[in-house]
Amino acid sequence: MLVLLLELARGIAALWVFLAHAKDLFVNSSPFIYHIALYGALGVPMFFVISGYVITFSAESSLKNNKPPVFFLKNRALRIYPTFWASVVIVLLTPYLIEAISALKTGEYSEPDRVVSKLNTGEWLNLLVLTKVFWATSTDLQGQFNMINAVYWTLAVEFQFYVVVFLALYFRRHYWKVIFLISMAGFIIMFIPTGMNYGLFIHYWPSFSIGIGLAYLHRHGIRYEAYFKNNSIYLILLMAVIIWVARLPFPEATKNYKFFLFSIGFGLLLWSIADFETVLTKVKLSGNKLLYWLLEPWLILGAMSYSVYLLHGKIYLLPFMLVRQVLNSNNFLYGFLTVLGTLMMCFPFYYYIERRFLSKNYKKLHQKVLTK
Numbered sequence: 010m011l012v013l014l015l016e017l018a019r020g021i022a023a024l025w026v027f028l029a030h031a032k033d034l035f036v037n038s039s040p041f042i043y044h045i046a047l048y049g050a051l052g053v054p055m056f057f058v059i060s061g062y063v064i065t066f067s068a069e070s071s072l073k074n075n076k077p078p079v080f081f082l083k084n085r086a087l088r089i090y091p092t093f094w095a096s097v098v099i100v101l102l103t104p105y106l107i108e109a110i111s112a113l114k115t116g117e118y119s120e121p122d123r124v125v126s127k128l129n130t131g132e133w134l135n136l137l138v139l140t141k142v143f144w145a146t147s148t149d150l151q152g153q154f155n156m157i158n159a160v161y162w163t164l165a166v167e168f169q170f171y172v173v174v175f176l177a178l179y180f181r182r183h184y185w186k187v188i189f190l191i192s193m194a195g196f197i198i199m200f201i202p203t204g205m206n207y208g209l210f211i212h213y214w215p216s217f218s219i220g221i222g223l224a225y226l227h228r229h230g231i232r233y234e235a236y237f238k239n240n241s242i243y244l245i246l247l248m249a250v251i252i253w254v255a256r257l258p259f260p261e262a263t264k265n266y267k268f269f270l271f272s273i274g275f276g277l278l279l280w281s282i283a284d285f286e287t288v289l290t291k292v293k294l295s296g297n298k299l300l301y302w303l304l305e306p307w308l309i310l311g312a313m314s315y316s317v318y319l320l321h322g323k324i325y326l327l328p329f330m331l332v333r334q335v336l337n338s339n340n341f342l343y344g345f346l347t348v349l350g351t352l353m354m355c356f357p358f359y360y361y362i363e364r365r366f367l368s369k370n371y372k373k374l375h376q377k378v379l380t381k
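Just so we're on the same page, the working numbering is the position in the sequence shown counted from 1, plus 9.
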């Protein structure tokens with residue numbers, strides 16, 4: 010099973026999504042980063058592929074150890090909800106902190122909009138249990154969460170994925186067959202409009218299925234080297250074409266095609282560089298401090314990627330308030346220090362809140378990632 014490589018990928022995905030939301034910080038100082046940030050939405054299918062891979066190993070482990078399916082669902086609910094709820098509190102308090110800091114300079118405090126009162130009790134309940142996604146009347150799922158935090162829509166899709174896996178676990182030895190049938194249904198629905206609710210997981214299942222497929226390839230020892238060792242150029246060209254097509258400006262209504270195409274390219278990339286896991290492990294154990302500390306920040310970013318994903322869109326304004334006082338937008342540090350400051354602010358949230366709700370197995374994985 011991939012561990013360090015996936016943490017690197019998680020970190021890159023979280024940073025890419027962050028840059029997409031903060032791309033204007035680099036529009037003058039770094040056109041290169043700005044251009045990359047334009048495609049930051051593709052970090053979402055990266056997360057879905059990684060989730061499909063990790064959850065497959067987790068589900069198969071539950072079957073192997075004869076654990077009840079509800080044990081799996083409980084762990085996944087604890088992974089998603091408490092940290093999500095804590096982030097909602099932070100997101101709601103951030104505007105007040107921003108105004109308080111502004112008041113130190115201006116001498117006047119302006120109370121921000123009372124976002125809490127803009128949603129009724131039913132809307133808040135649906136948001137907090139992530140069912141508000143089913144209210145969507147188009148593919149713009151984030152529209153249901155924009156008032157609080159746009160990125161929350163992906164959590165709703167993610168948890169639906171967990172629920173489906175939970176139900177499939179009841180079929181025991183036929184688990185993989187159920188997952189296969191759902192995957193086939195996901196592919197069919199992607200190309201044949203059915204009028205199904207836009208918030209349903211099935212529309213995004215093809216991206217999860219790439220990670221699922223990769224997990225089964227690794228479980229059965231089907232490695233890249235056995236098939237493409239002497240023909241790597243063909244796989245590289247295939248990945249390049251797929252990723253190039255995925256970056257094209259797809260209409261909003263067909264963004265699932267874009268996600269799926271990129272998921273294929275990303276899945277092939279993970280499959281082709283799986284042996285890099287060994288290299289990363291050797292670097293961590295090598296004793297070479299330079300290599301170790303070049304790698305470690307990225308692994309830490311991957312470990313806290315969920316916290317970064319949840320908070321970045323709102324709290325980045327806090328370091329930005331300081332940075333813009335001393336630097337102009339043409340300076341690369343203008344964006345870099347804002348991003349770095351945001352990541353540093355996310356770490357305590359990860360360390361004191363998110364980590365508390367990790368399962369024992371996942372805590373062990375984090376210990377492997379964050380210790381020498």
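Glycine residues also receive a C-beta, built at the ideal position from the N, C-alpha and C atoms. If you're wondering where the values come from, they're calculated on a predicted model, not measured in any experiment.
Would Tyr-105 be called buried (16 or more neighbouring beta carbons within 10 Å of its own) or exposed? For Tyr-105, the number of other beta carbons within 10 angstroms of its own is below 16, and it is reported as exposed.
Do Gly-350 and Arg-19 come within 7 Å of each other at the CB atom, strictly closer than that value? Cβ distance not < 7 Å, so Arg-19 and Gly-350 don't count as in contact.
Which residue marks the beginning of the alpha helix (DSSP H) containing Gln-334, and which one marks its end? Counting along the chain, the alpha helix (DSSP H) containing Gln-334 begins and ends at 326 to 335.
Can you tell which of Ile-324, Asn-370, Phe-285 and Asn-339 has its C-alpha closest to the C-alpha of Phe-358? With distances taken between Cα atoms, Phe-358 lies closest to Ile-324.
Can you say whether Gln-153 is buried or exposed, counting buried as having 16 or more other CB atoms within 10 angstroms of its CB? With 16 or more other Cβ atoms within 10 Å, it is buried.
Could you tell me which whole alpha helix (DSSP H) segments of length 4 or greater appear in the segment 251 to 315? Here the runs fully enclosed are 264 to 281, 285 to 294 and 298 to 312.
Buried or exposed for Trp-280, please, with buried defined as at least 16 other CB atoms from any protein chain shown within 10 angstroms of its CB. By the 16-neighbour rule on beta-carbons within 10 angstroms, Trp-280 is buried.
From what residue to what residue does the alpha helix (DSSP H) around Val-354 run? Looking at the sequence provided, one finds Met at residue 354 rather than Val. Here the alpha helix (DSSP H) through Met-354 covers 341 to 361.
Quick one, which of Ile-188, Ile-110 and Pro-78 has its alpha-carbon nearest Tyr-62's? For the residues Ile-188, Ile-110 and Pro-78, the minimum Cα distance to Tyr-62 belongs to Ile-188.
Would you kindly work out how many angstroms separate the C-alpha atoms of Leu-51 and Phe-269, rounded to a whole number? Put simply, the backbone Cα of Leu-51 is about 10 Å away from that of Phe-269.
Within 7 Å, strictly: CB atoms of Met-55 and Phe-196: Taking 7 Å as the Cβ cut-off, Met-55 and Phe-196 do not qualify as a contacting pair.
Opening and closing residue of the alpha helix (DSSP H) in which Phe-93 lies: Segment 78 to 115, the alpha helix (DSSP H) holding Phe-93.
Residues in its own chain within less than 8 Å of Ile-362 by CB, not counting five upstream and five downstream? So the list reads Pro-91, Thr-92, Ala-95 and Ser-316, once near-sequence residues are dropped.
Can you list the alpha helix (DSSP H) stretches of 4 or more residues lying completely in the segment 12 to 50, in chain order? Entirely contained in the segment 12 to 50, the alpha helix (DSSP H) runs reaching 4 residues are, in chain order, 13 to 30 and 40 to 46.
Need the endpoints of the alpha helix (DSSP H) that Glu-132 sits in, please. Where Glu-132 is concerned, the enclosing alpha helix (DSSP H) starts and stops at 130 to 137.
Flag this pair as yes or no: are the beta carbons of Val-335 and Thr-347 separated by less than 7 Å? Cβ atoms of Val-335 and Thr-347: not closer than 7 Å.
Can you name, in chain order, every residue of its own chain whose Cβ lies under 6 Å from the Cβ of Ser-314, other than the five neighbours on each side? Only Arg-19, Gly-20 and Ala-23 meet the Cβ criterion.
Please state whether DSSP places Ala-224 in a helix, a strand or coil. Under the three-state reduction of DSSP, Ala-224 is assigned to helix.
Please classify Gly-220 as buried or exposed, where buried requires at least 16 other C-beta atoms within 10 Å of its C-beta. Buried, by the Cβ-count rule.
Looking at the structure shown, is Tyr-207 part of a helix, part of a strand, or coil, going by DSSP? In the structure shown, Tyr-207 sits in coil (DSSP, three-state: anything other than H, G, I, E or B).
With DSSP collapsed to three states, give me the class of Asn-155. For Asn-155, the three-state secondary structure derived from DSSP is coil.
With Phe-175 as the anchor, note down where its alpha helix (DSSP H) starts and where it stops. Phe-175: member of the alpha helix (DSSP H) spanning 161 to 177, first to last residue.
Straight-line gap, Val-97 to Ser-39 (C-alpha atoms, nearest Å): For Val-97 and Ser-39, the distance between alpha carbons rounds to 32 Å.
Examine the Cβ distances between the segment 139 to 147 and the segment 208 to 218 and report whether three or more of them are shorter than 8 Å. Yes, the segment 139 to 147 touches the segment 208 to 218.
Three-state secondary structure assigned by DSSP to Ser-126: Helix, per DSSP.
Just mark Pro-215 as buried or exposed, buried being the case when its beta carbon has 16 or more other beta carbons within 10 Å. Pro-215 sits buried, since 16 or more C-beta atoms from the chains shown fall within 10 Å of its C-beta.
Comparing alpha-carbon positions, which option in Leu-101, Ala-68 and Tyr-171 lies nearest His-183? For His-183, the closest of Leu-101, Ala-68 and Tyr-171 by C-alpha to C-alpha distance is Ala-68.
Distance CB(Asn-339)-CB(Asn-37) smaller than 7 Å: Closer than 7 Å, so yes.
Just checking my contact of Leu-289 with Leu-14 at CB under 8 Å: how many whole Å lie between their CB atoms? Between the beta-carbon of Leu-289 and that of Leu-14 there is about 6 Å, and that keeps the pair under the 8 Å contact cut.
Ser-71 versus Pro-77: straight-line alpha-carbon distance, rounded: Roughly 7 Å between the two C-alpha positions.
When you compare only the Cα positions, how much space is there between Ile-64 and Ser-368? The straight-line gap separating the alpha-carbon atoms of Ile-64 and Ser-368 is approximately 13 Å.
Going by alpha carbons, who is nearest to Gly-116 out of Ala-159, Glu-108 and Arg-123? Checked all of Ala-159, Glu-108 and Arg-123; the closest Cα to Gly-116 is Glu-108.
Enclosing alpha helix (DSSP H) for Lys-186 [first to last residue]: DSSP places Lys-186 inside the alpha helix (DSSP H), whose first and last residues are 184 to 200.
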